[in-house]
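In full-length UniProt numbering, the protein residues as written are 1 to 258.
Heads up, the beta-carbon is just placed ideally off N, CA and C, and yes, glycines get one too.
If you want it as structure tokens, here you go:
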């Protein structure tokens with residue numbers, strides 16, 4: 001009997017894993033198999049990660065260049081060097097009154113549709129001087145000008161908007177983040193902050209190389225504030241959708257699958 005082994009895996013990357021962590025886990029199970037991934041996901045992001053097996057790794061460029069679809073929640077009034085909850089996280093105390101409206105968010109997103117020049121985050125895997133930017137950031141190296149990339153925002157929808165989220169609910173949300181370890185450090189200072197904080201839930205369809213964290217940063221700058229990505233789920237890569245994704249646990253008891 002001929003055994004057909006999968007050459008392309010649609011894996012639901014869990015929060016807290018890097019894309020490399022996923023490959024390392026598969027490598028421990030399937031020791032003599034070559035793996036590669038197409039399209040990096042941030043540690044705090046979850047969702048579709050395309051993993052290529054064996055000779056399929058030669059098709060990495062094709063899969064990396066497929067369009068992506070994301071679901072994200074963006075909090076305004078918070079700031080972080082990573083532009084997400086990986087932190088350290090701070091409250092933008094210079095702003096007391098937020099005047100962010102849903103229609104203004106729609107107007108901004110409409111202005112970003114199509115091809116734009118996007119400045120990559122300092123905490124990213126883009127290489128400068130032969131080293132990933134996040135390594136420069138963690139070692140305190142100064143990069144005077146971050147690189148820009150031409151990226152595409154193809155479609156968007158505003159699924160929810162709350163212009164008046166109270167701090168208590170914000171703290172509850174942040175405390176559930178499995179990576180953020182700074183909650184105790186700023187919990188007391190947030191408790192005395194009087195202004196409520198807006199958030200927006202978006203669904204985005206983008207071309208390759210698009211940083212949702214950069215979109216959050218730039219949109220906040222447009223509204224004269226700061227923002228962080230509170231959650232990010234990649235729900236599709238091309239025709240590969242999250243409903244068909246496999247969790248890593250699926251492979252643990254199937255050492256002969258690949």
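Short Cβ contact (8 Å threshold) for residue i with residue j
| i | j | result |
| --- | --- | --- |
| residue 83 | residue 200 | no |
| residue 157 | residue 11 | no |
| residue 72 | residue 153 | no |
| residue 248 | residue 22 | yes |
| residue 38 | residue 75 | no |
| residue 44 | residue 232 | yes |
| residue 259 | residue 258 | What the structure shows of the chain is the stretch from 1 to 258, and residue 259 is not part of that stretch, so it cannot be assessed. |
| residue 118 | residue 145 | no |
| residue 234 | residue 41 | yes |
| residue 136 | residue 126 | no |
| residue 202 | residue 253 | no |
DSSP bridge partner residues for residue i (one or two, in chain order)
| i | result |
| --- | --- |
| residue 114 | 153 |
| residue 46 | 233 |
| residue 73 | 201 and 231 |
| residue 12 | 48 |
| residue 240 | 237 |
| residue 35 | 53 |
| residue 68 | 206 and 237 |
| residue 246 | 11 |
| residue 158 | 202 |
| residue 84 | 229 |
| residue 89 | Answer is none; residue 89 lacks a bridge partner. |
| residue 132 | 127 |
| residue 78 | 91 |
| residue 148 | 119 |
Cα-Cα separation, residue i to residue j
| i | j | result |
| --- | --- | --- |
| residue 155 | residue 243 | 20 Å |
| residue 30 | residue 225 | 47 Å |
| residue 215 | residue 120 | 10 Å |
| residue 109 | residue 36 | 33 Å |
| residue 87 | residue 8 | 33 Å |
| residue 239 | residue 65 | 13 Å |
| residue 211 | residue 69 | 12 Å |
| residue 241 | residue 223 | 33 Å |
| residue 90 | residue 142 | 21 Å |
| residue 209 | residue 255 | 33 Å |
| residue 59 | residue 6 | 14 Å |
| residue 85 | residue 106 | 24 Å |
| residue 92 | residue 220 | 12 Å |
| residue 13 | residue 123 | 19 Å |
| residue 151 | residue 113 | 10 Å |
| residue 163 | residue 78 | 14 Å |
| residue 101 | residue 20 | 39 Å |
| residue 259 | residue 251 | Because the chain in this structure spans residues 1 to 258, residue 259 falls outside the shown range and cannot be described. |
| residue 28 | residue 18 | 16 Å |
| residue 47 | residue 138 | 26 Å |
| residue 16 | residue 26 | 16 Å |
| residue 104 | residue 217 | 15 Å |
| residue 99 | residue 227 | 14 Å |
| residue 204 | residue 236 | 10 Å |
| residue 54 | residue 213 | 32 Å |
| residue 111 | residue 81 | 25 Å |
| residue 115 | residue 140 | 32 Å |
| residue 161 | residue 67 | 25 Å |
Extent of the continuous beta strand (DSSP E) run through residue i
| i | result |
| --- | --- |
| residue 22 | Here residue 22 belongs to no beta strand (DSSP E); instead the alpha helix (DSSP H) covers 19-29. |
| residue 63 | First-last for residue 63: 60-64, but that is the alpha helix (DSSP H), not the beta strand (DSSP E). |
Endpoints, the alpha helix (DSSP H) within which residue i is located
| i | result |
| --- | --- |
| residue 125 | Counting along the chain, residue 125 falls outside any alpha helix (DSSP H), and DSSP gives it neither H nor E. |
| residue 212 | 212-222 |
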